[in-house]
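Counting in the UniProt record's numbering, the sequence shown runs from 1 upward without gaps.
C-beta atoms are modelled at their ideal positions from N, C-alpha and C, and glycine is treated no differently.
Predicted model only: the values in this text are computed from it and were never measured.
A short worksheet on the structure shown next.
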Amino acid sequence: MRTQLLFLLIIVAFGSLLGLAIAQVGVLQDAMGANRQLFEQKLGLIKQSLTQAFRADHALVSTLEHSIGVGAVDEEGMAHFDRRFRKLTDSVFNEYAVSIQYQYGIYAHKPDEEGFEKAWSNIEDPNFAFNVCKNYAQANLTCGNGFSSGYHLALFFPHEKLYLITESSKSIRYSVIFIVVIVLSFVYAVVTIRKQKKLSDLKNDFINNLTHEFKTPVFSIGVALKAIRKTVALEQRGKVDKYIGVIENETERLKNQVDKILQLALVQSGNFLLAKKPVNVHDCLHRVAANFRFAIEERQGTITFDLRASHAVIDTDETHLGNVFYNLLDNALKFTEGAPHIRIATADHAPRSIAISIADNGIGISRETEQLIFDKFYHDHSRLGVNGFGLGLHYVRSVVEAHRGKIEVKSEPGKGSEFLICLPYQ
């Protein structure tokens, strides 16, 4: 389930990044449209200023008219004209804060004929045609207005689209940078998660194999102890029972630790394969509590039942539910200093659920700790010096939530604790 959720989150995140990138492309297109309009407005002003500045420079006009003759071009004169005209044109472009690469040509307009013909040009595009191609601007240099020649200027912008993209990208530059950073972080996170998941799977496999290796000798020891009890002579029974009791206690302790490690594997994997069937909660509570009756009586304690739920049979995993009750009762004993007094109660709970309460007279839990006790690996080392993995209550909550139930704790330091579980009937 967690793998499917992770895969779904990756798809959603990738889709969000893709949508963000598409949105930025739309923003870029809008910005390009706005910048094109601005560029055309500036270009109109540039043509007007350039025409006025050119006509005011009589020496430059004279150089142009003398360098381009009928059927011949004075290349040396045009080279001189080109240097001065570019300087003039650059100054006008800079005045309007337009930094774009351009090429230009001089075209002659003959009053007796229609159209234009090239007089001189450094435009490199072989397909360029005056008054036909795009990406260029036309300005009247000396046509009319008292000039004897009729020359027009063609300003060609071979990289106009790149210029517009560059100008437009300034408005979304930081957005693009952030998107790139997010994408790289996303890729890194996915790679890291895949590595961590692989390591987690290997660890869980190791834990499962380790616990199974432990359970076999533990079971064998238990069987051997029972056989020894049956075969030992009556006159030696008292002395042998003492040693066997020690071995049995330590074996049971080892078995409990193995079970804790198995719970660790379940908690780590997050996979609770619930084998649900109709289970009587009251019977399950009595059965689990019977395991603690001797320990409670040995400490002069009591365990009482107040089972008032009218609907005690629910669909649940009996093994996991039993482990939940076992963990809560085990904690009630561990964290009680004197004689333990434990109360187990049930009641009907709306809608269509059963409420289960396990209360004790232990040392209690502070308000701050209440928010932490269900966290994985949390262990309050200040509580009676009890050691553990810090997994018991996290396992309890995980099982309850896997049943679509809820669990909460009510406690005060020195006044005991009450754990309340609500489980649906189905």
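Nearest CA to the CA of residue i: which residue from the options?
i: L141; options: T231, R287 and S49; result: S49
i: F81; options: Y96, N122, T316 and S169; result: N122
i: T319; options: E252, G338 and V399; result: V399
i: F186; options: G416, A13, L423 and L8; result: A13
i: residue 473; options: L6, E401 and S417; result: What is shown of the chain runs 1 to 426, which leaves residue 473 out entirely.
i: V61; options: H152, Q103, L18 and G44; result: H152
i: H159; options: A227, T51 and S99; result: S99
i: V180; options: Q196, A21, T51 and G322; result: A21
i: Y378; options: Q41, H394 and G364; result: H394
i: F85; options: E95, L64, A97 and L184; result: L64
i: F419; options: F325, V190 and F178; result: F325
i: V313; options: D330, L329, R293 and C284; result: C284
i: P351; options: L321, C422, H403 and D315; result: C422
i: F39; options: K87, G15, A137 and Q24; result: A137
i: F335; options: G19, I363, I228 and H311; result: I363
i: L43; options: E76, A139 and I68; result: A139
i: R287; options: R299, F305 and L273; result: F305
i: S169; options: N35, F374 and D317; result: N35
i: L333; options: F374, E75, A289 and D315; result: A289
i: P424; options: K415, I356, F374 and V396; result: I356
i: L8; options: N331, Y243 and V190; result: V190
i: D315; options: R293, I303, I344 and K277; result: K277
i: R343; options: D375, H311, T302 and E252; result: T302
i: G150; options: D125, E124, A119 and P126; result: A119
i: T346; options: N323, H311, E337 and I373; result: H311
i: K415; options: E337, D201, R173 and T231; result: E337
Quickly, what does DSSP pair residue i with across the bridge? List them, please.
i: G15; result: Looking at the DSSP assignment, G15 forms no beta bridge with any residue, so it has no partner.
i: V279; result: I314
i: H152; result: Y107 and N140
i: P424; result: S353
i: T302; result: H341
i: L307; result: T346
i: V409; result: F419
i: K255; result: K255 pairs with nothing; no bridge assigned.
i: K118; result: Y107
i: I358; result: I344 and F419
Measure the CB-CB distance between residue i and residue j and report whether it falls below 8 Å.
i: D348; j: S417; result: no
i: G405; j: N327; result: no
i: H341; j: L307; result: no
i: L184; j: V218; result: no
i: F157; j: Y102; result: yes
i: V279; j: L321; result: yes
i: I354; j: A295; result: no
i: I358; j: L329; result: yes
i: F93; j: Y107; result: no
i: D317; j: L274; result: yes
i: L45; j: Y104; result: no
i: Q24; j: V176; result: yes
i: I182; j: L17; result: yes
i: L74; j: S67; result: First, the amino acid is wrong: residue 74 is Asp here, not Leu. Yes, the Cβ-Cβ distance between D74 and S67 is below 8 Å.
i: A339; j: R299; result: yes
i: R229; j: I244; result: yes
Taking Cβ positions only, does residue i come closer than 8 Å to chain C?
i: Y243; result: Absent from the structure is chain C; it holds one protein chain and no more.
* Asked: Of all the alpha helix (DSSP H) runs that stay within the bounds of the segment 35-88, which reach a length of 4 or more residues?
  -> 58-67
* Asked: Can you list, in chain order, the stretches of the beta strand (DSSP E) that have 3 or more residues and sit fully within the segment 321-353?
  -> Taking only runs of at least 3 residues, the beta strand (DSSP E) segments lying wholly in the segment 321-353 are 341-349.
* Is there contact between the segment 363-372 and the segment 400-420, where contact requires at least three CB pairs shorter than 8 Å? -> yes
* To do: Indicate whether the contact test is met: 3 or more Cβ pairs, each with one atom in the segment 159-178 and one in the segment 23-37, closer than 8 Å.
  => yes
* Counting only runs of 3+ residues fully inside the segment 148-203, write out the beta strand (DSSP E) ranges in chain order. => 151-156
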